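Numbering (this note's numbering), first residue to last: 3 to 415. All C-beta atoms in this analysis are idealised placements derived from N, C-alpha and C, irrespective of residue type, glycine included. These numbers were taken from a predicted model, which means no experiment stands behind them. For reference, the structure discussed in these notes is given below.
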Ligand SMILES: [Zn+2]
């Protein structure tokens, strides 16, 4: 007998070209899976991965379903290990918000619902709080509503700092967490997104700065970009270097800014002139403001809110002043449902367009060009209202006018 057949001869191990080729193929697959969302995560992984593979022994059947299952299992395992390595290394999982309630980065609470949802902070029990971008702006930065609901989309970024992000969370939910600390965020919106059917949508995202410390106590800052873009888009590709959109270019500037700061912090530490924690954080905020100013349209939560709300109310030239009277004078053919934003559109005289939530809260008013009005109707983004919806909306508005002195004064002007 050929001794090699026995397979017990350890001094001369049997080689199989097929097995080696399978190994190389798996290696290639792992490499492509690991670098899928940027190559950073690779350095957090162990030397090798233990995989659990099931090989069917129905040797005379070539069932494609078996191969598919094998492929799915393999990809799932590599993906899970990649996530584990990433969390180990960064203390966060890219594209997910940490849920302090579950102490997890991949529970059902960790992801925004859709491309209009942003992270605005955490609840008292540590659940991530997700909000529709319009509702966020209504509450925090109403002067930016025009950027989303005006005639044309304009990108913007609102700064939300630590004191707002984690302020509500009860201390027992934050204690002893092994995860990185969300220091600040830019709530970003108004970036146009062209859908495969040529409709234009817009994308919102949360750019979170996560803070960890190295073993030597040097702070380390990383971006975590969180968004759920509509299908078929994939966030990593939308933000990646292959994309030349305004969004991708801005994100690349954001990355460069933070990498620059990180290098400075580490260089100072190497020289023995460590940057104090307070200064590090101040520099992060400076970086965020720089990122906002590159965008050209920026804002800080709270600070300017009251001022702008006042300006909006006092400017008689703004179409806002006419919102309520235009609604009350409107006929059914003046009202539309905006299918993209789920808002109610009221067309007034002189190209005035008023935007309301469906329960009658005034979002914004602007003058739209006749072309863009015609375009929205033609493309069926604005669809006519049913009689019943029209009556219900009118009733909502009348009730609100009855309740609120604010809106009554708007009606009179
Ligand atoms: Zn959770």
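Consult DSSP for residue 171 and reduce its assignment to one of helix, strand or coil.
-> Coil at residue 171, not helix or strand.
Do you know offhand how far residue 222's Cα is from residue 197's?
-> 37 Å
Can the beta-carbon of residue 332 be found closer than 7 Å to that of residue 348?
-> yes
Residue 179 burial status per 10 Å Cβ neighbour count (16 or more: buried) | exposed
Go through the residues and name those whose CB comes closer than 6 Å to any heavy atom of ligand 1, in chain order.
-> 101, 103, 104, 106, 109, 111
C-alpha gap between residue 31 and residue 271, whole angstroms = 38 Å
Between the beta-carbon of residue 264 and the beta-carbon of residue 94, is there less than 7 Å?
-> no
Report yes or no: do three or more beta-carbon pairs, one from the stretch 128-139 and one from the stretch 244-255, lie closer than 8 Å?
-> no
Looking only at DSSP bridge pairs, what is residue 78 linked to?
-> Bridge partners of residue 78: none, in fact.
Compare the Cα-Cα distances from residue 201 to each of 382, 242, 36 and report the closest residue.
-> Minimum Cα distance to residue 201 is reached at 382.
Cross-strand partners of residue 354 (DSSP beta bridge) | 369
Quick one, are the C-beta atoms of residue 378 and residue 353 less than 7 Å apart?
-> no
Under the rule that 16 or more other beta-carbon atoms within 10 Å means buried, what is residue 401, buried or exposed?
-> exposed
Take every Cβ of the stretch 62-80, pair it with every Cβ of the stretch 97-111, and state whether three or more of those distances are shorter than 8 Å.
-> no
Anyone know if the C-beta pair for residue 186 and residue 163 falls short of 7 Å?
-> yes
Three-state secondary structure (DSSP) of residue 144 | helix
Can you give, in chain order, each stretch of the alpha helix (DSSP H) that sits fully within the stretch 187-261 and has at least 4 residues?
-> 237-241
Own chain residues within Cβ distance below 8 Å of residue 376, not counting five before or after | none
Expected contact under 8 Å - CB spacing of residue 362 and residue 326 to nearest Å | Residue 362 to residue 326, Cβ: 10 Å. No contact.
Neighbour-count burial assignment, residue 64, 16 or more Cβ in a 10 Å radius | Label assigned to residue 64: exposed.
Residue 365: which of 167, 289, 142 sits nearest, CA to CA?
-> 142
Indicate whether at least one CB of chain C lies closer than 7 Å to the CB of residue 261.
-> Chain labels in this structure do not include chain C; a single protein chain is all it has.
Can you tell me which of the three DSSP states residue 106 falls into?
-> strand
Residue 104 versus residue 283 - alpha carbon distance | 28 Å
Using 10 angstroms around the beta-carbon of residue 111, count the other beta-carbons present and answer buried if the total reaches 16, otherwise exposed.
-> Residue 111 counts as buried, since no fewer than 16 other beta carbons sit within 10 angstroms of its beta carbon.
Beta-carbon proximity list for residue 80, same chain, < 8 Å, skipping 5 on both sides = 31, 32, 35, 36, 51, 53
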